[in-house]
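Participant: Please read through the structure below; I'll follow up with questions.
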Amino acid sequence: MKPDKWVLVTGGSRGIGESVVEHLADKYNVVFTWLREEEQARALESECAQFAGKVIGFRCDGTCAAQVDTLAANLLSEHGAPFGIIHNAGITRDALHFRQTSQDWHAVINTNLNAIFHWNQALLPAMMTKSEGSIVMMSSVSAIKGNAGQVAYAATKAAMLGMTRSLAKEVARFNLRVNSVLPGLIETEMVQVMAEAEKKILRKGIPMRRFGRKEEVSQVVGFLLSDGSSYITGQSLVVDGGITI
Ligand code: NDP
């Protein structure tokens with residue numbers, strides 16, 4: 001147990017992020033963020049209570065530098081530098097490129113990429129001073145495979161890989177590691193609502209013939225924060241049941 005350490009998980013209210021929060025709460029204090037409005041906040045408060053004070057959630061729009069700066073300043077003054085950041089929050093706005101609206105293009109870039117910039121700007125100086133920690137970016141196999149209808153999404157997920165390598169080089173001497181995780185098709189709400197026929201076709205394209213479980217991603221995130229990965233930095237770990245082979 002390392003109760004003195006806290007980690008930030010962006011977009012921890014559901015899906016993969018929620019699983020990451022639950023997994024990391026065994027070892028760390030966890031702060032997570034979400035976006036949607038108040039009715040969700042109440043449900044999240046009671047969920048957090050189950051973790052006996054080790055998990056706390058805040059509504060904070062990562063695309064808004066002012067919101068990120070305010071929350072980060074409060075967290076730093078109360079708890080000091082975080083041990084880890086999991087840049088998980090992400091959206092898709094699927095459309096063929098020539099049909100994509102400017103609004104959707106910018107929403108994807110802002111959420112998936114600019115929010116990482118905001119959080120890093122706010123927290124990295126303190127982490128470098130503390131000189132220990134690990135940053136994980138939630139990319140996607142779309143970054144390397146590409147996907148028709150996902151030009152904006154894939155662009156952000158591929159950009160994360162460049163960010164990972166470059167930032168890893170910048171901060172390695174401060175004992176900070178930076179890695180990416182690239183999930184394939186994971187059983188989140190998005191997959192659960194698909195028609196069975198559609199799922200069948202998708203499964204055929206996966207060598208392991210099944211979708212991934214959220215826990216299979218969160219365990220890899222846990223590994224990238226742990227001492228077991230103490231000499232791994234700048235890497236992109238694919239968790240996809242073989243789709244990209
Ligand atoms: P979900 O859509 O289930 O959850 C997204 C999370 O991000 C929610 O907590 C949401 O908050 C939060 N969020 C969205 N926008 C913002 C914002 N502006 N500020 C703060 N929080 C925000 O996502 P998944 O679990 O499916 O995916 C998580 C990550 O994994 C994403 O980065 C995604 O690209 C990546 N990924 C997912 C795959 C999959 O199969 N699901 C495959 C490959 C990669 P709220 O609940 O309030 O909306």
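Taking UniProt numbering, the leading residue of the sequence shown gets 1, the next gets one more, and so forth.
Cβ coordinates follow ideal geometry from the N, Cα and C atoms, glycine included.
None of the values given here were measured: they were computed from a predicted structure.
Identify whether Ile135 lies in helix, strand or coil by the three-state DSSP scheme.
Facilitator: In the sequence shown, residue 135 corresponds to position 135, counting from 1. Strand.
Participant: Here's the rule: buried if 16 or more other CB atoms are within 10 angstroms of the residue's CB, otherwise exposed. What is Met208?
Facilitator: Numbered from its first residue, the sequence shown carries residue 208 at position 208. It counts as exposed.
Participant: Look up Pro125 in the DSSP assignment and say whether it is helix, strand or coil.
Facilitator: The residue labelled residue 125 in the question sits at position 125 within the sequence shown. DSSP places Pro125 in helix when its eight states are reduced to three.
Participant: According to the neighbour-count rule (16 or more other Cβ atoms, all chains shown, within 10 Å of its Cβ), is Thr244 buried or exposed?
Facilitator: Here the question's residue 244 lines up with position 244 in the sequence shown. Label assigned to Thr244: exposed.
Participant: Which term fits Met1, buried or exposed, when burial requires 16 or more other beta carbons within 10 angstroms of its beta carbon?
Facilitator: Within the sequence shown, the letter at position 1 stands for residue 1. Model confidence at Met1 stands at a pLDDT of 43, short of 50, so the residue's coordinates are unreliable and nothing is read from them.
Participant: Comparing alpha-carbon positions, which option in Ser139, Met194 and Ala52 lies nearest Gly17?
Facilitator: What you label residue 17 is simply residue 17 of the sequence shown in a count that begins at 1. The shortest C-alpha separation from Gly17 is found at Ser139.
Participant: Under 6 Å Cβ to Cβ from Ser218, same chain only, skipping five residues before and after it: list those, please.
Facilitator: Counted from its first residue, the sequence shown places residue 218 at position 218. Cβ neighbours of Ser218 beyond the five flanking positions: Ser19, Val20 and His23.
Participant: So, with DSSP's three-state summary, where would you put Thr233?
Facilitator: Taking the first residue of the sequence shown as position 1, residue 233 is located at position 233. Here Thr233 sits in coil by DSSP.
Participant: Relative to the C-alpha of Val181, which candidate in Lys5, Ala25 and Ile85 has its C-alpha closest?
Facilitator: Position 181 of the sequence shown holds residue 181. The residue with the shortest Cα to Cα distance from Val181 is Ile85.
Participant: Taking the straight line between their C-alpha atoms, what separation do you get for Gly146 and Ala154?
Facilitator: Here the question's residue 146 lines up with position 146 in the sequence shown. Here the question's residue 154 lines up with position 154 in the sequence shown. Roughly 6 Å separates the two Cα atoms.
Participant: Roughly how many whole angstroms lie between the Cα atoms of Ala49 and Ile56?
Facilitator: Taking the first residue of the sequence shown as position 1, residue 49 is located at position 49. Taking the first residue of the sequence shown as position 1, residue 56 is located at position 56. One C-alpha to the other measures close to 8 Å.
Participant: Is Gly90 near ligand 1, in the sense that its beta carbon is under 7 Å from a heavy atom of that ligand?
Facilitator: Position 90 of the sequence shown, counted from the first residue, corresponds to residue 90. Gly90: yes, Cβ under 7 Å from ligand 1.
Participant: Within 10 Å of its beta-carbon, does Thr129 have 16 or more other beta-carbons around it, so buried, or fewer, so exposed?
Facilitator: On the sequence shown, residue 129 is found 129 positions in, with the first residue counted as 1. Burial call: exposed.
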